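Colleague:
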Amino acid sequence: MSAGMAKERLYLFDTTLRDGAQTNGVDFTLHDKLAIAGMLDELGIDYVEGGYPGANPTDTELFATPRKLATTFTAFGMTRRPGRSASNDPGLKALIDAQADAICFVAKSWDYHVRVALECSLEENLASIRDSVGAAKAKGREVLLDCEHFFDGYKANPQYALACARTAHAAGARWVVLCDTNGGTLPHEVETIVAEVVKVVPGEHVGIHAHNDTEQAVANSFAAVRAGARQIQGTLNGLGERCGNANLVSIIATLKLKDEYAERFEIGVSAAKLKSLAHVSRALDEMLNRAPDRHAPYVGESAFATKAGIHASAILKDPATYEHVAPETVGNRRKVLVSDQAGRSNVLAELERIGIKVDKDDTRVGALLDEVKRREAMGYAYEAADASFELLARRMLGKVPSYFDVTQFDVNVEHRINAKGERVTVSMAVVKVKVGGKELISAGEGNGPVNALDVALRKDIGKYQSHIEGLELIDYRVRILNTGTEAVTRVLIESQDEGGERWTTVGVSPNIIDASFQALMDSIVYKLVKSGAPA
Ligand SMILES: [Zn+2]
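In this note's numbering, the protein residues as written are 2 to 536.
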């Protein structure tokens, strides 16, 4: 496309709150829905589908709640029931009366479903589409019509599927959305069929709603756009029932960063907002209390992670050599993994990332690399424990003060029968700490030995206590490894501070208490370094 020519507008429609809410194990509260709608609006999504007002109490309340959103907030529901007039259908009335900017109707477009599921004539289904679109238009709403099972319907009876689309458009629907409801259609089929649809309904009124059952929902969405569709529907992180919906996160990044689309189309998401994409994706997972997919395209933690030494050195010279887009554009970051395959360049890259300045020919870099390799052979895993790596690096470069010294600890596990006759296990730990020539003794009780040790260790470290007040352990993972001669235990501990920053530390020993102790100590010392505690 030649420079200066106006770009075509492509619209994004998010259905995380409606179709995404069908995901197994996902149950949005009213508060979640409002927060997600706000996030999508902030990102620049054109349409946010809120749910089914009138059909579900949370959604009825959602639509009744005053909103300050720039997005076209959309209500979803059925067309009028067969054999009834639009004015005599309570479901349709509740939908049309909802405080929504737009209404998205779902209608059958596969003749087989009309006969078997709806049990009405093909003509009556078209009349229902016509009447429902007309009734919503009369109420001043923007209207979308989802053609359910459109692609399967088209394969079975193209004339009828097209008649449904044409009827909705003729009745005034702003968008006719072609749904791959079963998610089994392939990209080349989508492209061929959409090319036929746009001969009947102009492409600027055609949308695509793809499901991911062959893992091609994103590809199907782009196939539809190539054939002329100008609205893409999807969900954040590809949420949705079965295998999910088209992942809007990947779609947005591709539309913004790949020339084929970026040069041709304009979307509501600005380059500045694109930088919040990784955050939006992870924030949704946090809300759902699930671990973000490390390997998610563009936004996953590993999307720009490199392990092998030669790649890392090339990346330092020119990032474009091994990255299809720059990680910062979507708010992600480059990560060079420190591992047993690590070369000197990985270590240098990682030191640069964590802000440790060192000359690249400094002999201590080689010594650090040797130490990382030696420890990884023992079972340490620095890829997962970046805080322990940072401490190790700082220590070898002489940059970690010896804040305090644990001179002795004692952990005791007691199993007995209590006064109520119940079997109980109680753990107690005593820790002796030397801080600035002063010896402090603390005891702690816990539901297990590691918990008791953690409580005792963090109870009193004298003048440093204020720095660790907000420290909290949020995850504890144990793995038994066979390193050859003996089994050892690797403990990974994830900690969080008052500012919400998280870090992971590692400990390895044949003894689980020892391994845990190392990881706990690293976590505390890391927090002291991070908060700039004086030596
Ligand atoms: Zn769907």
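Here a beta-carbon is modelled for each residue, glycine too, at the ideal position from N, C-alpha and C. Quantities reported herein were computed from a predicted structural model and do not represent experimental measurements.
Span of the alpha helix (DSSP H) holding Asp90?
Modeller: It is not in any alpha helix (DSSP H) - Asp90 carries neither H nor E in the DSSP assignment.
Colleague: May I ask you to list the residues that DSSP assigns as paired with Glu473?
Modeller: Partner(s): Gln497.
Colleague: Terminal residues of the continuous beta strand (DSSP E) containing Asn413?
Modeller: That run of the beta strand (DSSP E) goes Asp406 to Ile418.
Colleague: Report the rounded CA-to-CA distance for Leu119 versus Val144, giving the unit in angstroms.
Modeller: C-alpha separation (whole angstroms): 22 Å.
Colleague: Where are the alpha helix (DSSP H) runs, 4 residues long or more, that stay fully inside the stretch 140-227, in chain order?
Modeller: Here the runs fully enclosed are 151-157, 159-171 and 188-198.
Colleague: Does the Cβ-Cβ distance between Ser129 and Thr182 come in under 7 Å?
Modeller: Against a cut-off of 7 Å, the Cβ pair of Thr182 and Ser129 comes out as no contact.
Colleague: Measure the alpha-carbon distance for Ser133 versus Ala101 and round it to whole angstroms.
Modeller: Spanning the two alpha carbons is a distance of roughly 16 Å.
Colleague: In this structure, what does DSSP give as the bridge partners for Val507?
Modeller: For Val507, which the question treats as bridged, DSSP gives the partners Leu493.
Colleague: Comparing alpha-carbon positions, which option in Ala516, Glu43 and Asp28 lies nearest Gly269?
Modeller: Cα-wise, what sits closest to Gly269 is Glu43.
Colleague: Within 6 Å: the Cβ of Asp20 and any heavy atom of ligand 1?
Modeller: For ligand 1, at least one heavy atom lies less than 6 Å from the Cβ of Asp20.
Colleague: What's the call for Lys318, buried or exposed, on a 16-neighbour Cβ count within 10 Å?
Modeller: Counting Cβ neighbours within 10 Å, Lys318 comes out exposed, since fewer than 16 surround it.
Colleague: Can you tell me whether Val479 is buried or exposed, with buried defined as 16 or more other CB within 10 angstroms of its CB?
Modeller: Label assigned to Val479: exposed.
Colleague: Considering Cα atoms alone, identify which of Arg116, Leu370, Phe405 and Gly447 is closest to Leu393.
Modeller: Checking every option, the nearest Cα to that of Leu393 belongs to Leu370.
Colleague: Relative to the C-alpha of Thr490, which residue among Asp476, Gly445 and Ala382 is closest?
Modeller: When each option's Cα is compared against that of Thr490, the closest is Ala382.
Colleague: Count Cβ pairs between the stretch 143-160 and the stretch 186-204 that sit closer than 8 Å; are there 3 or more?
Modeller: Contact between the stretch 143-160 and the stretch 186-204 is present, because at least three Cβ pairs lie under 8 Å.
Colleague: State the start and end residues of the unbroken beta strand (DSSP E) segment that holds Arg424.
Modeller: Run containing Arg424: Arg424 to Val436, per the beta strand (DSSP E) assignment.
Colleague: Run the CB neighbour count on Gln234, radius 10 Å, all protein chains shown included, and call it buried at 16 or more, exposed below.
Modeller: Classification for Gln234: buried.
Colleague: For Arg283, would you say it is in contact with chain D, using Cβ-to-Cβ distances shorter than 7 Å as the test?
Modeller: Of the chains in the structure shown, none is chain D; there is only one protein chain.
Colleague: Would Tyr48 and Phe77 be called neighbours here (beta carbons separated by less than 7 Å)?
Modeller: No.
Colleague: Which partner residues does Thr307 have in the DSSP bridge list?
Modeller: DSSP lists Val337 as partners of Thr307.
Colleague: Quick one: using the 10 Å Cβ neighbour count with 16 as the cut-off for buried, is Ala292 buried or exposed?
Modeller: It counts as exposed.
Colleague: Helix, strand or coil for Met6 per DSSP?
Modeller: Correct three-state label for Met6: coil.
Colleague: Check whether the stretch 109-118 and the stretch 57-73 are in contact - that is, three or more C-beta pairs closer than 8 Å.
Modeller: As far as the Cβ criterion goes, the stretch 109-118 does not touch the stretch 57-73, which means the pair count is below three.
Colleague: How far does the alpha helix (DSSP H) with Asp33 in it extend, from its first residue to its last?
Modeller: Note, Asp33: alpha helix (DSSP H), Leu31 to Leu44.
Colleague: Could you compute how far the alpha carbon of Gly52 sits from the alpha carbon of Ile46?
Modeller: Those two C-alpha atoms are separated by around 16 Å.
Colleague: With DSSP as the reference, label Lys257 as helix, strand or coil.
Modeller: Helix at Lys257.
Colleague: So, is Thr307 buried or exposed, given that buried needs 16 or more other C-beta atoms within 10 angstroms?
Modeller: When all chains shown are included, Thr307 counts as buried.
Colleague: Using 10 angstroms around the beta-carbon of Asn221, count the other beta-carbons present and answer buried if the total reaches 16, otherwise exposed.
Modeller: Per the 10 Å Cβ criterion, buried.
Colleague: Would you call the stretch 495-504 in contact with the stretch 433-449, where contact means no fewer than 3 C-beta pairs closer than 8 Å?
Modeller: No, because fewer than three Cβ pairs between the stretch 495-504 and the stretch 433-449 fall closer than 8 Å, the two stretches do not touch.
Colleague: Sorted by chain position, which residues of the same chain lie with C-beta nearer than 7 Å to Arg283's C-beta, five sequence neighbours on each side aside?
Modeller: So the list reads Pro293, once near-sequence residues are dropped.
Colleague: Which whole-angstrom value is the C-beta distance of Ser467 and Ile494, which I expect to be below 8 Å?
Modeller: No, Ser467 and Ile494 are not in contact; Cβ-Cβ is about 22 Å, not under 8 Å.
Colleague: Count the other C-beta atoms from every protein chain shown that fall within 10 angstroms of the C-beta of Val414, then say buried if there are 16 or more, exposed otherwise.
Modeller: Exposed: under 16 other Cβ atoms inside 10 Å.
Colleague: Do you know how far the Cα of Ile462 is from the Cα of Leu352?
Modeller: Those two C-alpha atoms are separated by around 29 Å.
Colleague: Would Phe106 pass as a contact of Leu41 if the rule is Cβ separation under 7 Å?
Modeller: No, these two residues do not count as a Cβ contact at 7 Å.
Colleague: How far does the alpha helix (DSSP H) with Gln519 in it reach, from first residue to last?
Modeller: From DSSP, the alpha helix (DSSP H) with Gln519 extends over Ile513 to Lys531.
Colleague: Between which two residues does the beta strand (DSSP E) holding Met443 run?
Modeller: According to the sequence displayed, residue 443 carries Ser and not Met. Element bounds for Ser443: Lys439 to Gly447.
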